[in-house]
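Structure, as structure tokens:
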Amino acid sequence: MTLVVHITGARPNFPKAAPVLRGLERLAVPQQLVHTGQHYDDRLSDIFFRELGLPQPNINLGVGSGTHAQQTAATMVGLEKLFDEIRPTLVVVYGDVNSTVAAALVASKMGIALAHVEAGLRSFDMSMPEEINRIVTDRLCDLLFATSADAVAHLGNEGVHPGRIHLVGNPMIDTLLRNLDRFDADRARAEHGIVERYVVATLHRPGNVDDPADAAALVKAMHAVADQVEVILPLHPRGRARLTAAGLLTHPRLRVVEPLGYIEFLSLVRGADAVITDSGGVQEETTVLGVPCLTLRPNTERPVTITHGTNRLVTREQLPDVVADCLRTGRSETWPVPPLWDGHAGARIADIIAQSLS
Ligand code: UD1
Ligand code: UDP
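In structure tokens form, the structure reads like this:
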């Protein structure tokens, strides 16, 4: 019997998977949802299921945290056993996290057809674990769903047969547009007691938070931003200890809170003067919301958010001046949005998957 199995595990997977699951449900394609357990805190995982109306996972492998090898290996062992039992026709993986590459390795070695949602993104920075995960996953895939033309070009350059590549738009933006009416900036501000202009920050990349010297430089830059404007920083657990040790919490206008749920987070983003981030997904969401995005990274795998969006790459040293510039200029009334980021990517993906199964 036909069975599509979706593999999710970490926070950014959930808003990408939701529209694909919905699209396949509409076409009555039998499917199951697997949670690897890579993320397990309510605020990185369960809250997304509640807020996005995702079905409960059919199974949670409970893999948890560990080194890359531990986490990837535990996921592979769990998935191999599961796939042996349930025999998927097609495995669908999302994004670039360790759960993604682990599932891709297992499915391809078991001869199971494999689809990658968000294929072809490249930062060309092999120091990012996600870049390794993207390249390996795409190499193994049968169906590659791309969010932008640059991703299609990268896959072509790497020798992927054009018949396997589908430019479908961005399912993460499907989720954003579907929930747009729920993003109430005024309410979120009031709940957080924000009375002035403010910026939202998220920081969790190893390149920014793992090394004490990087953490210290980052804290210095963030304090220089907080000298100018209120900052709210929902902090991912990864950076908490290092950034705290570097003095993050000592500025009265820089408020560090727990990671927020999807609706509360994007409500705050919607009303912000700017967002400071190293997240991949947040670069895309700010582009569609028209909020200036200052990405604290030397590169991005999502250049379309610069060419067709509000994103710009900044260094820690540049950050305070760039924020001052944003505060002076204010937000634009109009802004471009990348082609096909229109809320229908999940339906397009579902149609192509259904066709491939028949
Ligand atoms: C992972 C992804 C990254 C993604 C991020 C999204 C990989 C290689 N990295 O990074 O691409 O941007 O998720 O949020 O897959 N922890 C908790 N609670 C949890 C999960 C993790 O406290 O529910 C802590 C643990 O101390 C853990 C650390 O966070 O060691 C890192 O978690 P991990 O899943 O290994 O990587 P992320 O940094 O979350
Ligand atoms: N996000 C959230 N709460 C937060 C920070 C981020 O709901 O406090 C959402 C964000 O809107 C986006 C997703 O998490 O939908 C991005 O995940 P993350 O930044 O962890 O991963 P990346 O995109 O960098 O892989």
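Residue numbers (the working numbering): 23 to 380. For every residue, glycine included, the Cβ atom is placed at its ideal position computed from N, Cα and C.
Taking 7 angstroms as the cut-off, decide whether the C-beta atoms of residue i and residue j are in contact.
{"i": "ALA248", "j": "GLY45", "result": "no"}
{"i": "GLU252", "j": "TYR220", "result": "yes"}
{"i": "LEU66", "j": "ARG33", "result": "yes"}
{"i": "TRP363", "j": "GLY191", "result": "yes"}
{"i": "ARG319", "j": "ASP300", "result": "yes"}
{"i": "GLN60", "j": "GLY100", "result": "no"}
{"i": "ILE187", "j": "VAL174", "result": "yes"}
{"i": "GLY331", "j": "THR356", "result": "no"}
Among the options, which one has its Cα closest to the Cα of residue i?
{"i": "VAL139", "options": "LEU74, GLN92, TYR116 and GLN250", "result": "TYR116"}
{"i": "ARG43", "options": "ILE298, PRO34 and HIS28", "result": "The residue you asked about is not Arg; residue 43 is Leu in the sequence shown. Of ILE298, PRO34 and HIS28, the residue nearest in Cα terms is HIS28."}
{"i": "ARG277", "options": "HIS245, ALA39 and GLU102", "result": "HIS245"}
{"i": "LEU390", "options": "ILE371, VAL241 and ARG275", "result": "There is simply no residue 390 to check, as the chain begins at 23 and stops at 380 in what is shown."}
{"i": "PHE36", "options": "LEU318, THR197 and THR329", "result": "THR197"}
{"i": "THR351", "options": "SER378, ALA296, ASN120 and TYR62", "result": "ALA296"}
{"i": "LEU270", "options": "VAL217, PRO234, THR308 and ARG334", "result": "PRO234"}
{"i": "PRO52", "options": "PHE70, TRP363 and ARG109", "result": "ARG109"}
{"i": "LEU74", "options": "ALA135, LEU349, SER121 and PRO193", "result": "PRO193"}
{"i": "MET148", "options": "ARG156, GLY142 and ALA141", "result": "ARG156"}
{"i": "VAL359", "options": "VAL119, LEU311 and ALA39", "result": "LEU311"}
{"i": "SER378", "options": "VAL113, ASP343 and LEU101", "result": "VAL113"}
{"i": "HIS366", "options": "LEU199, LEU335 and MET150", "result": "LEU199"}
{"i": "VAL326", "options": "GLN340, THR337 and GLY303", "result": "GLY303"}
{"i": "ASP203", "options": "LEU288, SER87 and VAL182", "result": "LEU288"}
{"i": "GLU323", "options": "GLN250, ASP63 and THR169", "result": "THR169"}
{"i": "ALA141", "options": "ARG262, LEU177, ILE298 and VAL345", "result": "LEU177"}
{"i": "GLU286", "options": "ASN201, LEU55, GLU218 and ARG260", "result": "ASN201"}
{"i": "GLY5", "options": "MET150, ASP106 and LEU143", "result": "Residue 5 is absent from the model: the chain starts at 23 and stops at 380."}
{"i": "ASP63", "options": "ARG338, GLY261, ALA212 and SER87", "result": "SER87"}
{"i": "THR329", "options": "PRO361, GLN340, THR337 and ILE298", "result": "PRO361"}
{"i": "ILE349", "options": "LEU316, VAL231, LEU49 and ILE375", "result": "Checking the sequence, you will find Leu at residue 349 rather than Ile. Checked all of LEU316, VAL231, LEU49 and ILE375; the closest Cα to LEU349 is LEU316."}
{"i": "ARG275", "options": "ILE216, ALA171 and ARG260", "result": "ILE216"}
{"i": "LEU162", "options": "ALA135, GLY261, GLU339 and ASP172", "result": "ALA135"}
{"i": "THR58", "options": "VAL344, ARG260 and ASN82", "result": "ASN82"}
If I measure Cβ to Cβ from residue i and keep anything under 8 angstroms in the same chain, skipping five residues before and after, which residues do I get?
{"i": "VAL279", "result": "HIS214, ILE254, LEU255, PRO256 and LEU257"}
{"i": "GLU47", "result": "GLN53"}
{"i": "PRO342", "result": "ALA243, ALA246, VAL247, ASP249 and GLN250"}
{"i": "LEU166", "result": "ALA137, HIS138, ALA141, GLY142, ASP160, LEU177, VAL182, ARG186, ILE187 and HIS188"}
{"i": "ARG353", "result": "ASP295, GLY312, VAL313 and PRO314"}
{"i": "VAL158", "result": "VAL123, ALA126 and LEU127"}
{"i": "ASN80", "result": "GLN54, LEU55 and VAL56"}
{"i": "LEU282", "result": "ARG65, PRO256 and LEU290"}
{"i": "ILE374", "result": "LEU165, PHE167, HIS188 and VAL190"}
How would you call residue i, buried or exposed, if buried means at least 16 neighbouring beta carbons within 10 angstroms?
{"i": "GLY84", "result": "exposed"}
{"i": "SER145", "result": "buried"}
{"i": "ILE371", "result": "buried"}
{"i": "LYS131", "result": "exposed"}
{"i": "HIS90", "result": "exposed"}
{"i": "GLY184", "result": "This sequence places Pro at residue 184; Gly is not what is there. By the neighbour-count rule (16 or more Cβ atoms within 10 Å), PRO184 is not buried but exposed."}
{"i": "ARG227", "result": "buried"}
{"i": "VAL222", "result": "buried"}
{"i": "GLU218", "result": "exposed"}
{"i": "ALA210", "result": "buried"}
{"i": "LEU38", "result": "A small fix is needed here, since residue 38 is Lys in this sequence, not Leu. Buried: at least 16 other Cβ atoms inside 10 Å."}
{"i": "ASN333", "result": "buried"}
{"i": "THR224", "result": "buried"}
{"i": "THR418", "result": "Because the chain here runs from 23 to 380, residue 418 falls outside it and cannot be looked at."}
Return the chain-ordered list of same chain residues with a C-beta closer than 6 angstroms to the C-beta of residue i, the five sequence neighbours on each side being excluded.
{"i": "ALA96", "result": "VAL85"}
{"i": "ALA268", "result": "ALA237, ALA238 and VAL241"}
{"i": "THR111", "result": "THR24 and LEU25"}
{"i": "THR94", "result": "ASN120 and ALA124"}
{"i": "ALA40", "result": "LEU74, LEU76 and THR197"}
{"i": "ALA207", "result": "SER289, ARG292 and GLY293"}
{"i": "ASP118", "result": "GLU152, ASN155 and ARG156"}
{"i": "PHE205", "result": "LEU288, SER289 and ARG292"}
{"i": "LEU321", "result": "Note that residue 321 is Asn in the sequence shown here, rather than Leu. Correct list, in chain order: SER145 and ASP147."}
{"i": "HIS273", "result": "HIS245 and ALA248"}
{"i": "GLU102", "result": "VAL128"}
{"i": "ALA376", "result": "LEU49 and VAL51"}
{"i": "ASP232", "result": "none"}
Is residue i close to chain D, meaning its C-beta is less than 7 angstroms from at least one C-beta of that chain?
{"i": "GLY59", "result": "Looking at the structure shown, chain D is missing, and only one protein chain is on hand."}
Output needed for residue i: all residues of its chain with C-beta closer than 7 angstroms, excluding positions within five of it in sequence on either side, in chain order.
{"i": "MET98", "result": "ALA124, LEU127 and VAL128"}
{"i": "GLU306", "result": "ASN192, MET194, ILE195, ARG324 and THR327"}
- prompt: What residue ranges within the stretch 70-117 form continuous alpha helix (DSSP H) runs of no fewer than 4 residues, ordered along the chain?
  reply: 90-108
task: Could I get the ranges of all uninterrupted alpha helix (DSSP H) runs contained in the stretch 274-307, with 4 residues as the minimum, in chain order?
output: 284-292
- prompt: At which residue ranges does the stretch 123-163 contain complete alpha helix (DSSP H) runs of 4 or more residues, listed in the order of the chain?
  reply: 151-162
query: What are the start and end residues of each continuous alpha helix (DSSP H) run of 4 or more residues lying completely inside the stretch 201-227, in chain order?
result: DSSP runs (the alpha helix (DSSP H)) wholly in the stretch 201-227: 207-213.
query: What alpha helix (DSSP H) runs, 4 residues minimum, are completely inside the stretch 301-376?
result: 302-311, 326-329 and 341-351
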